[in-house]
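*Asks:*
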Amino acid sequence: IQRDGEMADAKQQLIDRLLTRIQGVIQAREAKDIMMHAPTERLEEVVALLPGAERPTILPLAGDKQRVAMHMVSSETLFWE
Numbered sequence: 723i724q725r726d727g728e729m730a731d732a733k734q735q736l737i738d739r740l741l742t743r744i745q746g747v748i749q750a751r752e753a754k755d756i757m758m759h760a761p762t763e764r765l766e767e768v769v770a771l772l773p774g775a776e777r778p779t780i781l782p783l784a785g786d787k788q789r790v791a792m793h794m795v796s797s798e799t800l801f802w803e
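Quick note on this note's numbering: the sequence shown kicks off at 723 and runs consecutively.
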């Protein structure tokens with residue numbers, strides 16, 4: 723049998739965990755996954771134009787040395803500005 727104080731702590735931890743998950747869902751709703759091909763020679767220029775929390779993932783394209791595939795996550799409001 724748990725005491726009231728211990729039960730309150732356990733409930734608070736559960737509430738905190740649920741709030742963290744809810745906040746994550748709210749943030750994810752606005753996040754957009756952006757994928758595109760970009761010319762290798764203009765890569766830094768393209769990266770500078772794209773809003774996002776961190777640098778994009780850049781992957782080589784099979785059979786195409788002049789372009790790469792770029793993947794990044796951005797908030798929808800930043801992307802359309």
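A virtual CB, placed ideally from N, CA and C, is assigned to each residue, including glycine.
Fair warning: this is a prediction, and the values are worked out from it, not measured in the lab.
#1: When you compare the region 732-745 with the region 765-780, are there three or more beta-carbon pairs, one atom per stretch, that lie closer than 8 Å?
#2: Give the DSSP bridge partners of Lys733, in chain order.
#3: Please report the straight-line C-alpha distance between Thr789 and Ala732, rounded to a whole angstrom.
#4: Met757: which of Ile748, Leu781, Arg751 and Gly785 sits nearest, CA to CA?
#5: Going straight from the alpha carbon of His759 to that of Gln749, what length do you get?
#6: Spell out the partners DSSP gives Asp786 in its beta bridges.
#7: Quick check on the DSSP output: the beta strand (DSSP E) that includes Pro761 runs from which residue to which?
*Replies:* In brief:
#1: The answer is no - the region 765-780 does not touch the region 732-745, with fewer than three Cβ pairs under 8 Å.
#2: Numbered from its first residue, the sequence shown carries residue 733 at position 11. DSSP, once it has assigned bridges, lists no residue as partnering Lys733.
#3: Residue numbering aside, residue 789 sits at position 67 when the sequence shown is read from its first letter. Residue numbering aside, residue 732 sits at position 10 when the sequence shown is read from its first letter. The residue you asked about is not Thr; residue 789 is Arg in the sequence shown. For Arg789 and Ala732, the gap between their C-alpha atoms comes out near 53 Å.
#4: Here residue 757 is taken as the residue at index 35 of the sequence shown, counted from 1. Minimum Cα distance to Met757 is reached at Leu781.
#5: Stepping through the sequence shown from its first residue, residue 759 is reached at position 37. Stepping through the sequence shown from its first residue, residue 749 is reached at position 27. Taking C-alpha positions only, His759 is separated from Gln749 by approximately 26 Å.
#6: For the purposes of this step, residue 786 is identified with residue 64 of the sequence shown, where counting begins at 1. According to DSSP, which records beta bridges pairwise, Asp786 is partnered with Leu783.
#7: As a working note, residue 761 is residue 39 in the sequence shown. In this chain, the beta strand (DSSP E) harbouring Pro761 covers Ala753 to Pro761.
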